[in-house]
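Have a look at the structure below before the remarks.
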Amino acid sequence: QFRVLGRGELQLSVLMETLRREKFELCVRNPEVVTREGENGQEEPRERLNIDVDVAHVGAVTQLLGNRKAQMLDQKQEGSRVRLEYLIPCRGLFGLRGQMLTATRGTAIMHHVFEDWIPWTGPIPQRISGAMVADRPGSTTGYALNKMQPRGILFAGPGVHVYEGMIVGIHNRDNDLDVNVVREKKLTNFRASGKDDAIQLAPPKEMSLEQSLEWIRDDEMIEVTPEAIRLRKIVLSCQERHALSKKLKDK
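Just so you know, we're using the numbering used here here: the sequence shown kicks off at 506 and counts up by one.
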């Protein structure tokens with residue numbers, strides 16, 4: 506186990522992809538900012554963020570940054586574009602680029618640079634959606650995946666080998682959900698007059714290394730191999746995860 510320091514998710518993802526192409530296998534936890542001890546306790550870095558965006562998307566950008574404890578310094582309009590200037594904790598930049606492009610339909614331009622050190626600003630909300638986690642090993646089936654489609658967005662299609670603790674999708678709600686994606690349809694002696702409807706599965710969502718770094722929580726990891734990129738829980742066993750969660754709630 507070793508610690509890697511880098512400048513943002515992009516630089517870390519480039520390093521991971523380089524190791525992957527060199528046939529290395531590794532697991533990566535979610536990124537954290539480098540902190541230091543100041544005169545008044547723990548301090549974290551703060552960045553000066555400049556954003557150029559269409560007037561129509563200013564509200565979406567403002568709401569997005571407000572949840573990340575950003576402070577607006579200036580706002581200037583030039584024609585149909587608006588230039589926004591913020592001071593934001595470095596932790597607030599994790600996953601911001603992808604969400605910014607989604608909220609502005611790919612029209613936003615952003616740049617940030619180190620400003621200073623500030624006292625620790627407290628927790629910053631992570632992703633709002635939970636994960637769908639496989640509760641047993643095996644190969645996924647179309648029958649089981651079809652049952653899971655209403656629950657969220659899937660990462661895997663049929664015929665993919667999964668193991669207990671592997672993340673197989675994004676849950677619609679904020680809690681994690683243990684799912685059985687290897688279930689097969691039970692065969693009986695009864696036959697219907699018509700044929701079963703063909704299963705229609707949405708294409709699985711593919712996430713890059715950079716997107717995976719932005720998405721995972723503190724209790725999750727990225728498993729990187731030359732053949733595949735998988736997301737998993739640090740504690741693979743369902744029973745152990747539930748026991749640990751209950752212990753934390755009791756405290």
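Even for Gly, the Cβ is constructed at its ideal location relative to N, Cα and C.
Just so we're clear, the structure is a prediction, and the values are computed from it rather than from any experiment.
Every unbroken alpha helix (DSSP H) inside the segment 645–706 [4 residues or more]: 647–653
For E620 and R573, believed in contact at Cβ under 8 Å, the rounded distance: Position 68 of the sequence shown, counted from the first residue, corresponds to residue 573. Position 115 of the sequence shown, counted from the first residue, corresponds to residue 620. R573 to E620, Cβ: 15 Å. No contact.
Distance CB(T645)-CB(V618) smaller than 8 Å: Position 140 of the sequence shown, counted from the first residue, corresponds to residue 645. Position 113 of the sequence shown, counted from the first residue, corresponds to residue 618. It is not a contact, given that the beta carbons lie outside the stated cut-off.
Simplified DSSP state of E514, which is helix, strand or coil: For this step, residue 514 is matched to residue 9 along the sequence shown. Of the three classes helix, strand and coil, the one that applies to E514 here is helix, per DSSP.
V587 - DSSP class collapsed to helix/strand/coil: Counting from 1 along the sequence shown, the entry for residue 587 is found at position 82. Correct three-state label for V587: strand.
Cα-Cα separation between I593 and Q631, rounded to whole angstroms: In the sequence shown, counting from the first residue as 1, residue 593 sits at position 88. In the sequence shown, counting from the first residue as 1, residue 631 sits at position 126. Taking the straight line from one Cα to the other gives about 15 Å.
Short Cβ contact (8 Å threshold) for L517 with L659: To locate residue 517, count along the sequence shown from 1; it is residue 12. To locate residue 659, count along the sequence shown from 1; it is residue 154. In this structure, L659 does not lie closer than 8 Å to L517 by Cβ.
Cα-Cα separation between G699 and V684, rounded to whole angstroms: Here residue 699 refers to the residue found at position 194 of the sequence shown. Here residue 684 refers to the residue found at position 179 of the sequence shown. For G699, the predicted model reports a pLDDT of 48, less than 50, meaning its position is unreliable; a value from the coordinates is still stated below. Answer to the nearest angstrom: the Cα atoms are 30 Å apart.
Rounded separation between M615 and M521 - CA only: Residue numbering aside, residue 615 sits at position 110 when the sequence shown is read from its first letter. Residue numbering aside, residue 521 sits at position 16 when the sequence shown is read from its first letter. Approximately 24 Å between the Cα atoms of the pair.
Span separating the alpha-carbon of T626 from that of R688: Reading the sequence shown from its first residue, position 121 is the one you call residue 626. Reading the sequence shown from its first residue, position 183 is the one you call residue 688. Each residue's Cα considered, the two are about 46 Å apart.
Three-state secondary structure assigned by DSSP to R602: As a first step, residue 602 is located in the sequence shown; it is residue number 97 there, counting from the start. In the structure shown, R602 sits in a helix (DSSP, three-state: H, G or I).
Beta-bridge pairing of H474 - partner residues as DSSP gives them: For the chain, the structure presents residues 506 to 756; residue 474 sits outside this window and is missing.
Per-residue DSSP class, three states only, for L741: One-based indexing of the sequence shown puts residue 741 at position 236. Three-state result, L741: coil.
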